[in-house]
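A.B. asks: Position 163 of the sequence shown, counted from 1, bears residue number 163 in full-length UniProt numbering, the numbering being contiguous throughout. Built from N, CA and C at the ideal position, the CB exists for glycine as well. Sharing a structure, written as structure tokens. Questions coming.
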Amino acid sequence: MQKKVIFRGRLLPLALLAPQLAVTFVFFFWPAGQAIYQSLLREDAFGFSREFVGLENFREVLTDPSWVNAALNTLVFSACVAGLALGLALFLAVQADKSLRGATIYRSLLIWPYAVAPAVAAVLWLFLFQPQIGLIGRGLNALGIAWDYRLNGTHAMVLVIIAAAWKQLAYNFIFFLAGLQSIPASVLEAAAIDGARPARRFWTVVFPLLSPTTFFLLVVNLTYAFFETFGIIHALTNGGPAKATETLIYKVYVDGVENLNLGQSSAQSVILMILVIGLTAIQFRAVEKKVHY
Numbered sequence: 001m002q003k004k005v006i007f008r009g010r011l012l013p014l015a016l017l018a019p020q021l022a023v024t025f026v027f028f029f030w031p032a033g034q035a036i037y038q039s040l041l042r043e044d045a046f047g048f049s050r051e052f053v054g055l056e057n058f059r060e061v062l063t064d065p066s067w068v069n070a071a072l073n074t075l076v077f078s079a080c081v082a083g084l085a086l087g088l089a090l091f092l093a094v095q096a097d098k099s100l101r102g103a104t105i106y107r108s109l110l111i112w113p114y115a116v117a118p119a120v121a122a123v124l125w126l127f128l129f130q131p132q133i134g135l136i137g138r139g140l141n142a143l144g145i146a147w148d149y150r151l152n153g154t155h156a157m158v159l160v161i162i163a164a165a166w167k168q169l170a171y172n173f174i175f176f177l178a179g180l181q182s183i184p185a186s187v188l189e190a191a192a193i194d195g196a197r198p199a200r201r202f203w204t205v206v207f208p209l210l211s212p213t214t215f216f217l218l219v220v221n222l223t224y225a226f227f228e229t230f231g232i233i234h235a236l237t238n239g240g241p242a243k244a245t246e247t248l249i250y251k252v253y254v255d256g257v258e259n260l261n262l263g264q265s266s267a268q269s270v271i272l273m274i275l276v277i278g279l280t281a282i283q284f285r286a287v288e289k290k291v292h293y
């Protein structure tokens, strides 16, 4: 028996919604509105003079070669982070879902990285890949690979991708493991009786049933790569060397905070928001068609 809750007036539902609506307005709609308004202005760093320039900031941003370079870096970075984080998390979740001794400890250890702050995660990988003192960095140089993320842009991009993917790994692992545990055992047993081997059972039964979880995580991971990796990039490479790891979100910081170009920085944040909204819409129209609910 399910009991429906009926509110006799409108005051109580609105009061229950008010805290969430207030938080959404203060931390999302108000800053977004301010960014859109400021993107139409040209003002000095201290706010003493202000001039309405319309879409001039957007034109300058879109024709700036450094912004185009940051956009290309963002595409490569986001695709690699999402692919690596999702692939490894799915593999680890499949292993953790098996009947193993100490599986609870194994699952707990895999969840821990999610609690690590982005700057701390960056420092951990910095110590590992540091060319002179890092365990992995020294090992690569000993193997004849001239590893130095401070001078080589490709090395720097690889490092920030690994650090960002590792930070998101635990989040993906939790959802994949929950999705695997929700699959009925009878379905897998029926596939095994039909003669399907473990690999075939995974790709024809398990993975299609995980498609809603995979689709959700794909959207979340791409949004994470676009917006929430600033701390990792800032702590590891500062966007260098030679802007090789400067992504769109980091360029917003550089132009707005370091260069004090508030109009163009706001225009970049608006463009980034539009890109993410458009990318999410495309995913819902194209990718979701292959999702089996």
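Pick from 179, 31, 204: whose alpha carbon is nearest that of residue 212?
C.D. replies: For residue 212, the nearest C-alpha among the options comes from 179.
A.B. asks: Starting from the C-beta of residue 151, find all residues in its chain whose C-beta is less than 7 Å away, skip the five residues before and the five after it, and write them out in chain order.
C.D. replies: Same-chain partners within the cutoff: 241.
A.B. asks: Bridge partners of residue 42, per DSSP?
C.D. replies: Paired residues: 51.
A.B. asks: Considering only their Cβ atoms, is the gap separating residue 164 from residue 77 smaller than 9 Å?
C.D. replies: Yes, Cβ-Cβ distance for residue 77 and residue 164 is below 9 Å.
A.B. asks: Tell whether a beta-carbon distance below 9 Å holds between residue 41 and residue 55.
C.D. replies: Cβ distance not < 9 Å, so residue 41 and residue 55 don't count as in contact.
A.B. asks: Alpha carbon to alpha carbon, how far is residue 98 from residue 176?
C.D. replies: Cα to Cα, the separation comes out at about 13 Å.
A.B. asks: Assign residue 19 to one of two classes, buried (16 or more other C-beta atoms within 10 Å of its C-beta) or exposed (fewer than that).
C.D. replies: Result: exposed.
A.B. asks: Look up residue 147 in the DSSP assignment and say whether it is helix, strand or coil.
C.D. replies: Residue 147 falls in the coil class under three-state DSSP.
A.B. asks: Give the DSSP-derived three-state secondary structure of residue 280 in the structure shown.
C.D. replies: Three-state result, residue 280: helix.
A.B. asks: Please name the residue, chosen from 84, 110, 86, that lies closest to residue 96 on a Cα-to-Cα basis.
C.D. replies: Among 84, 110, 86, the Cα nearest to that of residue 96 is on 110.
A.B. asks: Please state whether DSSP places residue 196 in a helix, a strand or coil.
C.D. replies: The answer is coil: DSSP assigns residue 196 none of H, G, I, E or B.
A.B. asks: Which runs of the alpha helix (DSSP H) fall wholly inside the segment 153-189 and span at least 4 residues, in chain order?
C.D. replies: Here the runs fully enclosed are 153-181.
A.B. asks: Looking only at its own chain, which residues have a Cβ that is under 7 Å from the Cβ of residue 148, when we skip the five neighbours before and after it?
C.D. replies: 131, 155, listed in sequence order.
A.B. asks: Going by beta-carbon coordinates alone, are residue 236 and residue 122 separated by less than 9 Å?
C.D. replies: In contact: residue 236 and residue 122 (Cβ atoms closer than 9 Å).
A.B. asks: Starting from the Cα of residue 285, find the closest Cα among 118, 215, 251 and give me that residue.
C.D. replies: For residue 285, the nearest C-alpha among the options comes from 215.
A.B. asks: Could you tell me the boundaries of the alpha helix (DSSP H) in which residue 210 lies?
C.D. replies: From DSSP, residue 210 is part of no alpha helix (DSSP H); its letter is neither H nor E.
A.B. asks: May I ask which residues mark the beginning and end of the alpha helix (DSSP H) holding residue 59?
C.D. replies: 56-62 is the span of the alpha helix (DSSP H), which, as asked, contains residue 59.
A.B. asks: Just mark residue 68 as buried or exposed, buried being the case when its beta carbon has 16 or more other beta carbons within 10 Å.
C.D. replies: It counts as exposed.
A.B. asks: I'd like the list of long-range same chain contacts for residue 173, defined as Cβ closer than 6 Å, with 5 residues on each side in sequence excluded.
C.D. replies: These residues qualify, in order along the chain: 89, 92, 93, 110.
A.B. asks: Taking C-beta to C-beta, are residue 244 and residue 81 nearer than 9 Å?
C.D. replies: Going by C-beta atoms, residue 244 is not nearer than 9 Å to residue 81.
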